[in-house]
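**Student:**
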Amino acid sequence: MSRVIAIANQKGGVGKTTTCINLAASLAAMKQRVLLVDLDPQGNATTGSGIDKNSLTSSIYDVLVHRAPVAQVVRPAGSSGYDVLPANGDLTAAEVELLKVDNKERRLRAALTEAADQYDYVLVDCPPSLNMLTINGLVASDGVIIAMQCEYFALEGLAALLSTIEGVAQNANTVLQVEGILRTMYDPRNSLTKDVSAQLREHFGDKVYRTVVPRNIRLAEAPSHGLPVMHYDRYSRGAKAYMALAGEMIRRREQQGEQGADGAPVN
Numbered sequence: 001m002s003r004v005i006a007i008a009n010q011k012g013g014v015g016k017t018t019t020c021i022n023l024a025a026s027l028a029a030m031k032q033r034v035l036l037v038d039l040d041p042q043g044n045a046t047t048g049s050g051i052d053k054n055s056l057t058s059s060i061y062d063v064l065v066h067r068a069p070v071a072q073v074v075r076p077a078g079s080s081g082y083d084v085l086p087a088n089g090d091l092t093a094a095e096v097e098l099l100k101v102d103n104k105e106r107r108l109r110a111a112l113t114e115a116a117d118q119y120d121y122v123l124v125d126c127p128p129s130l131n132m133l134t135i136n137g138l139v140a141s142d143g144v145i146i147a148m149q150c151e152y153f154a155l156e157g158l159a160a161l162l163s164t165i166e167g168v169a170q171n172a173n174t175v176l177q178v179e180g181i182l183r184t185m186y187d188p189r190n191s192l193t194k195d196v197s198a199q200l201r202e203h204f205g206d207k208v209y210r211t212v213v214p215r216n217i218r219l220a221e222a223p224s225h226g227l228p229v230m231h232y233d234r235y236s237r238g239a240k241a242y243m244a245l246a247g248e249m250i251r252r253r254e255q256q257g258e259q260g261a262d263g264a265p266v267n
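Under full-length UniProt numbering, the sequence shown has 106 at position 106, and the numbering climbs by one with no breaks.
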């Protein structure tokens, strides 16, 4: 059974899409079956996976408005080893159309049920805003990875996002929880970075991933080549960081599987 994880932050420019692409490739490199769902009309996760968003004959838009099933729309991300539900500008129209239909916030959840047994992980790249697409991503997910920079304004945005997650969990998806908090564009030489990082650990404890993603030029260059960084420069600090994150996620999932609902070991 797949675990669906939304990568979200209402603030843009925090490395959310970069995390989706590179985490998908890293999990795939660890023999996990991965589907990346591009839920952002900008389609950056699509192009960053080597898929031409302008030549798509169908996209996640068609899935959300019930014009095509997931299996008909999925595209392979070249040699990177994961699949993509691609997006382009058509997705903007989907948001408007969804406002007029019943169960509009559950369209993605319903669509992904048909692919539940085909993947170990489904990563959903949410747009950097709180709209119907983001709500669909959260309702469809088991957990949320919050990608954020260690800066003052990021803490303010985090509070708003946590409130949104709590609201979705109460009203539409009772299993939704914070999967983890990922510190991106991390610069240990910056005193503010250290201060914010310490505050995150104080308030969220083990929810904060031990792995941090450093500022890395190779991470910035890789999308222009339509490649995850591990296929662009596997020895870069960015590639090593996302491989470490994938390993940390898999270990967490294995540990959770060894425990019952009450946290007690399963005999």
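Here a beta-carbon is modelled for each residue, glycine too, at the ideal position from N, C-alpha and C. This one's a predicted model, so the numbers in the text were calculated from it and none came from an experiment.
What separation, rounded to the nearest whole angstrom, lies between the Cα atoms of SER129 and SER59?
**Tutor:** 20 Å
**Student:** With DSSP collapsed to three states, give me the class of GLN170.
**Tutor:** Here GLN170 sits in helix by DSSP.
**Student:** For ARG49, does the count of other Cβ atoms within 10 angstroms reach 16, so buried, or fall short, so exposed?
**Tutor:** In the sequence under discussion, the amino acid at residue 49 is Ser, which differs from the Arg named in the question. SER49 should be labelled buried.
**Student:** VAL212 bridges to which residues according to DSSP?
**Tutor:** Paired residues: ARG183.
**Student:** The alpha helix (DSSP H) spanning MET249 covers which residue range?
**Tutor:** 237-257
**Student:** When you compare only the Cα positions, how much space is there between ASP38 and ARG218?
**Tutor:** Inter-residue distance for ASP38 and ARG218 is about 22 Å (C-alpha atoms, whole angstroms).
**Student:** Can the beta-carbon of VAL144 be found less than 9 Å from the beta-carbon of ARG183?
**Tutor:** no
**Student:** Taking just the CA atoms, how far does GLY257 sit from ASN267?
**Tutor:** Annotation note: pLDDT 39 at ASN267 (below 50); position unreliable, no value reported.
**Student:** With ARG3 as the anchor, note down where its beta strand (DSSP E) starts and where it stops.
**Tutor:** 3-8
**Student:** Pick from SER197, THR17, GLU179: whose alpha carbon is nearest that of VAL229?
**Tutor:** THR17
**Student:** Roughly how many angstroms lie between the CA atoms of GLY137 and ASP117, to the nearest whole one?
**Tutor:** 19 Å
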